[in-house]
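Only one structure is covered here, and it is reproduced in the block below.
Numbering (the working numbering), first residue to last: 53 to 161.
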């Protein structure tokens, strides 16, 4: 399925490369557990404070026609915002699918 980027043209070439590199690296890990899914990466520049911008990163993992997972994070540093959002997505996947496995197990007391 692949990765889809939203609002990527609003960034410089170096920022675009950084967004793509980190997203593709993590997508290779995500695709192991969620086959036939696509990652939607939406990055926005929010507000300026002097010479800095605040970045907002939203990730959606979709499988076919259904939404599987979402994560978002904001930060003043683009690499840190991407890293935190990808970690949030991994934690969401671990939490959601780890607890569902335990609900279906029978307890032998």
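Glycine included, every Cβ here is placed at the ideal spot set by N, Cα and C. What you are looking at is a predicted structure, and each value in this text was computed from that prediction instead of being measured.
Setting aside the 5 residues that flank it on each side, residue 128 is surrounded in the same chain by 104 and 106, each with a C-beta closer than 7 Å to its C-beta; the list follows chain order. When secondary structure is reduced to three states using DSSP, residue 129 falls in the coil class, being assigned neither helix nor strand.
Across the set 144, 116 and 122, the C-alpha of 116 shows the shortest separation from the C-alpha of residue 88. Spanning the alpha carbons of residue 144 and residue 131 requires a straight line of approximately 20 Å. Counting along the chain, residue 90 sits inside no alpha helix (DSSP H); it lies in the beta strand (DSSP E) bounded by residues 89-101.
The C-alpha of residue 102 lies about 24 Å from the C-alpha of residue 110.
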